[in-house]
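A short worksheet on the structure shown next.
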Amino acid sequence: MQVSVNGQIEEIEAQSLDSYLDSKLLLGRRIAVELNGEIVPKSQFSSVILVDGDVLEIVSAIGGG
216 MQVSVNGQIE
226 EIEAQSLDSY
236 LDSKLLLGRR
246 IAVELNGEIV
256 PKSQFSSVIL
266 VDGDVLEIVS
276 AIGGG
């Protein structure tokens, strides 16, 4: 199936959002995830199943001073 991640099309298997993030080594990092225009709370990452045509935007928090 195809999903758009930060504007790039990716071919992935059907999986949960947390599985996808884990495969990209993003799980546990300070990130924000938007799925089809809606912010996904971290508490829901494991219950969200990605489907064909989904649009993900993933933003990493950057610390500074």
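Residue 216 is where the sequence shown starts when you use the numbering used here, and the numbers rise one by one after that.
A virtual CB, placed ideally from N, CA and C, is assigned to each residue, including glycine.
Legend entry - Cβ neighbour criterion (16 or more within 10 Å) applied to V274: V274 should be labelled exposed.
Inset, instruction - Have a look at P256 and I246 and give me their C-alpha separation to the nearest angstrom. - result: So the alpha carbons of these two residues sit roughly 10 angstroms apart.
Legend entry - Alpha-carbon to alpha-carbon, I277 and S261: Going by C-alpha positions, S261 is about 24 angstroms away from I277.
Inset, instruction - Specify, as a first and last residue, the run of the beta strand (DSSP E) that S275 falls within. - result: Run containing S275: V270 to S275, per the beta strand (DSSP E) assignment.
Legend entry - Per-residue DSSP class, three states only, for S258: The answer is helix: DSSP assigns S258 an H, G or I state.
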